[in-house]
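See structure below.
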Amino acid sequence: MNRKLAIVTGATAGIGQQTSLDLAKIGYDLLILGRRQDRLLELKKNILSQSSSAQVYILPMDIRDKDKLSLWIEDHAELLKSTQILVNSAGLARGVERFQDSQWQDIEEMIETNVKALFFLTLKILPFMKKNNFGHIINLGSVAGRWVYQGGTVYCASKFAVRAFTEGLRQDLVGTAIRVSNIEPGMVNTEFSLIRLGNQTSADKVYENMTPLTAKDISETICWILQRPAHVNIQELVIYPTDQAHIGVVNRKST
Numbered sequence: 002m003n004r005k006l007a008i009v010t011g012a013t014a015g016i017g018q019q020t021s022l023d024l025a026k027i028g029y030d031l032l033i034l035g036r037r038q039d040r041l042l043e044l045k046k047n048i049l050s051q052s053s054s055a056q057v058y059i060l061p062m063d064i065r066d067k068d069k070l071s072l073w074i075e076d077h078a079e080l081l082k083s084t085q086i087l088v089n090s091a092g093l094a095r096g097v098e099r100f101q102d103s104q105w106q107d108i109e110e111m112i113e114t115n116v117k118a119l120f121f122l123t124l125k126i127l128p129f130m131k132k133n134n135f136g137h138i139i140n141l142g143s144v145a146g147r148w149v150y151q152g153g154t155v156y157c158a159s160k161f162a163v164r165a166f167t168e169g170l171r172q173d174l175v176g177t178a179i180r181v182s183n184i185e186p187g188m189v190n191t192e193f194s195l196i197r198l199g200n201q202t203s204a205d206k207v208y209e210n211m212t213p214l215t216a217k218d219i220s221e222t223i224c225w226i227l228q229r230p231a232h233v234n235i236q237e238l239v240i241y242p243t244d245q246a247h248i249g250v251v252n253r254k255s256t
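Residue numbers (this note's numbering): 2 to 256.
As structure tokens, this is what we get:
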């Protein structure tokens, strides 16, 4: 049986974690990347408990570590020959300050993670897809890559970059059977707001009195896109919760 490998970054939580589980259900082996080894091991256990035929490989590392990532890819080229899917899910935001009040380390972390690491891994994985003339790259963008909001200058810039990259990569790969998609969610209840704001109380207020999307909603959307016929490429898809019409336009129910 020919194995089909899906690579998922940011797999230790949220959308990346749920997508890993759901990809195994539809027949993919998994290479899951994330910084927290304990969570990767737990995710591997959960994947195998529901999809016993799947093969699961873990790569605990910071996706920004280009040297380590390059060495791992070189050492595991045989495994990566079966790569069909790359889900670039790793990403984060830091703070809600105006740009002039931002900390440089926060700016650098967002650009390094959301943009440069995504570009780098895609560059390293594409040769395997090109050799097979088959593959699908899913980038996790955001509605923040379409519309800017105050307090999100750098994060929005990083997601605008992801959107432009997706569009450009589609053009670069025209004539191949490699598809590229950008998923642009609105409000999704994951650890994203906790990481950004630094405490659970503030994170909970983001979703107060409204019903946000879940990681499962996004994962199911990703799986649907991947299962379209080979002649169909969903290049961009914006997905909002019903309670959100735009950035900052949210229906919060009275209590």
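Idealized CB from N, CA, C, for every residue including glycine.
Bounding residues of the beta strand (DSSP E) (the contiguous stretch that carries residue i)
i	result
residue 58	57-61
residue 245	245-247
Anticipated Cβ contact below 8 Å, residue i with residue j, distance rounded
i	j	result
residue 135	residue 178	5 Å
residue 129	residue 202	Actually they are not in contact, since the Cβ atoms of residue 129 and residue 202 sit about 44 Å apart, beyond 8 Å.
residue 8	residue 87	5 Å
residue 12	residue 21	5 Å
residue 188	residue 208	7 Å
residue 210	residue 256	6 Å
8 Å Cβ cutoff met for residue i and residue j
i	j	result
residue 239	residue 168	no
residue 162	residue 16	no
residue 19	residue 220	yes
residue 181	residue 236	yes
residue 89	residue 140	yes
residue 65	residue 10	no
residue 171	residue 146	no
residue 248	residue 144	yes
residue 142	residue 190	no
residue 4	residue 56	yes
Continuous alpha helix (DSSP H) stretch holding residue i: start and end
i	result
residue 47	38-51
residue 81	78-81
residue 85	Premise fails: residue 85 lies in the beta strand (DSSP E), 84-89, not in any alpha helix (DSSP H).
residue 118	118-133
residue 113	Segment: none, residue 113 is in no alpha helix (DSSP H) and carries neither H nor E.
Distance cut-off 7 Å: residue i Cβ against heavy atoms of the ligand FAD
i	result
residue 90	The model on display carries no ligand, and the ligand FAD is accordingly not part of it.
Item to check | Any 3 or more C-beta pairs closer than 8 Å across the segment 22-39 and the segment 216-224 | outcome: yes
Item to check | Sufficient close CB pairs (3 or more, under 8 Å) joining the segment 196-214 to the segment 229-244 | outcome: Here the segment 196-214 makes contact with the segment 229-244; the two share three or more CB pairs at distances below 8 Å.
Next on the checklist: Runs of 4 residues minimum, wholly inside the segment 138-176: which ones carry the alpha helix (DSSP H) assignment?
Outcome noted: 154-173
Checklist entry - Between the segment 29-42 and the segment 58-65, do at least 3 Cβ pairs fall closer than 8 Å? => result yes
Checklist entry - Any chance the segment 94-101 sits against the segment 145-156, with 3 or more Cβ pairs inside 8 Å? => result yes
Checklist entry - Can you find at least 3 beta carbon pairs, one from the segment 113-122 and one from the segment 62-76, that sit closer than 8 Å? => result yes
Item to check | Sequence ranges, alpha helix (DSSP H) only - wholly within the segment 5-35, length at least 4 | outcome: The segment 5-35 contains, as complete alpha helix (DSSP H) runs of 4+ residues, the segments 15-26 (chain order).
Next on the checklist: List, from N- to C-terminal side, the alpha helix (DSSP H) runs of 4 residues or more that fit wholly inside the segment 177-255.
Outcome noted: 193-198, 201-207, 216-227
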